[in-house]
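Notes to accompany the following structure.
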Amino acid sequence: MATNVFQDYKIAGLKHQNAILVAQLETIGKKVDGLSGKIHKLEKTDDDLRMIANLPVVDQGDRDIGFGGTADYLDYSIEDLPVEIGKKTSNLRLDIEKLDRRLLMEKESFELIKKKLRSNLNLIDHTPSIRPVTVGRLKSKFGRRRDPFLGIIRHHEGIDIAAPDGTPVYAPADGVVIAINNSPLARKGYGRYVIIDHGYGYETLYGHLSKIYVRVGQKVKRWDKIAAVGHTGRATGSHLHYEVRVKQRPVDPMAFIYN
18 MATNVFQDYK
28 IAGLKHQNAI
38 LVAQLETIGK
48 KVDGLSGKIH
58 KLEKTDDDLR
68 MIANLPVVDQ
78 GDRDIGFGGT
88 ADYLDYSIED
98 LPVEIGKKTS
108 NLRLDIEKLD
118 RRLLMEKESF
128 ELIKKKLRSN
138 LNLIDHTPSI
148 RPVTVGRLKS
158 KFGRRRDPFL
168 GIIRHHEGID
178 IAAPDGTPVY
188 APADGVVIAI
198 NNSPLARKGY
208 GRYVIIDHGY
218 GYETLYGHLS
228 KIYVRVGQKV
238 KRWDKIAAVG
248 HTGRATGSHL
258 HYEVRVKQRP
268 VDPMAFIYN
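Take 18 as the starting number for the sequence shown in our numbering and just add one per residue.
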């Protein structure tokens with residue numbers, strides 16, 4: 018009789034313990050589902066940011082792959098649990114491990130995106146993109162033209178913008194001044210000129226200036242006033258000669274004017 022009472026008591030205790038475990042599993046399962054939904058939203062945001070940053074989108078299959086290891090979220094050894102509860106517990110642990118992996122991947126991915134976006138923003142800041150003078154008309158285009166002094170066809174390595182003497186000349190992007198010449202008779206007939214190195218292979222040159230407001234080694238930002246339009250050097254009138262070079266090769270500056 019005592020044995021039966023003890024067994025009944027033990028069975029009741031096990032049932033109660035199982036009920037507690039089932040309740041724990043249900044609670045944890047709901048939390049896992051909630052976390053999975055939140056992580057999925059993060060992954061969608063990650064995909065969108067990768068598109069903006071010009072990075073390849075992470076394959077969903079790579080995100081879903083689990084990894085080895087034991088989750089420590091439950092207080093019971095699976096071997097000590099009833100078969101059905103043990104199976105549910107094992108599956109739940111696998112789900113948690115997958116969430117761990119997905120979270121780790123998102124953390125690493127967001128760090129990569131952050132670095133890439135910073136690099137992209139830096140590139141944008143250092144890419145010539147504005148007209149260096151806010152007034153004036155295009156007097157001469159880039160490419161082959163008739164030399165106004167010699168009358169022969171020659172390659173024009175920049176553009177000429179006619180503007181009054183003293184018109185402010187602005188830096189079209191961030192960079193460092195690498196050369197200036199204050200002589201009115203200077204290199205290739207540019208007169209007074211400034212050259213800025215913008216990094217990423219970009220350089221710009223400003224010729225026929227009347228005044229120069231920067232010095233060699235000075236850092237400049239886009240829209241900083243660097244000089245004033247003039248007609249020094251080999252010039253037929255007051256204008257700015259503006260060149261853009263990519264890896265030392267002159268290119269059409271009009272391709273770098275967006276304003």
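Note that beta-carbon positions come from the ideal geometry of N, C-alpha and C, so glycine has one too.
Residue i to residue j, Cα distance in whole Å?
i: I45; j: V75; result: 28 Å
i: T106; j: E60; result: 26 Å
i: K242; j: I176; result: 19 Å
i: G83; j: M122; result: For G83, the pLDDT reaches just 47, beneath the cut-off of 50, and the residue's location in the model is therefore unreliable, leaving the point undetermined.
i: E125; j: N198; result: 49 Å
i: A245; j: D64; result: 47 Å
i: L111; j: V261; result: 58 Å
i: P267; j: L116; result: 53 Å
i: T249; j: Q235; result: 23 Å
i: I56; j: S136; result: 26 Å
i: D164; j: P73; result: 49 Å
i: G85; j: Q265; result: Annotation note: pLDDT 45 at G85 (below 50); position unreliable, coordinate value reported separately. Cα-Cα distance, rounded: 53 Å.
So who's on the other strand from residue i, going by DSSP bridges?
i: Y223; result: V211 and Y259
i: G160; result: H173
i: I274; result: According to DSSP, I274 bridges with nothing at all.
i: Y187; result: K242
i: A179; result: R154 and H256
i: V237; result: G192
i: R266; result: V263
i: K228; result: A245
Taking C-alpha atoms, which residue in the options lies nearest to residue i?
i: P181; options: I141, R67, K55 and L257; result: L257
i: D214; options: D112, A70 and I195; result: I195
i: N71; options: G54, A36, I113 and K133; result: K133
i: I147; options: N139, K156 and Y187; result: Y187
i: N139; options: Y210, R209, R239 and G183; result: R239
i: S8; options: I113, V263 and Y217; result: Since the displayed the chain opens at 18 and closes at 276, residue 8 lies outside it and no answer follows.
i: Y219; options: T62, G192 and R232; result: G192
i: V263; options: K48, P145 and A179; result: P145
i: G254; options: R118, G153, N35 and N137; result: G153
Say yes only if the C-beta of residue i is nearer than 7 Å to one or more non-hydrogen atoms of the ligand PLP, and no if none qualify.
i: K158; result: Within the structure as shown, the ligand PLP is missing, as the structure has no ligands at all.
Would residue i and residue j be called neighbours here (beta carbons separated by less than 8 Å)?
i: I130; j: L66; result: yes
i: F159; j: H143; result: no
i: L222; j: Y210; result: yes
i: V39; j: L109; result: no
i: T184; j: V150; result: yes
Please classify residue i as buried or exposed, where buried requires at least 16 other C-beta atoms within 10 Å of its C-beta.
i: T87; result: Legend: pLDDT at T87 = 44, less than 50; position of this residue unreliable, no value from coordinates given.
i: L155; result: exposed
i: I69; result: exposed
i: Y207; result: buried
i: G51; result: exposed
i: I37; result: exposed
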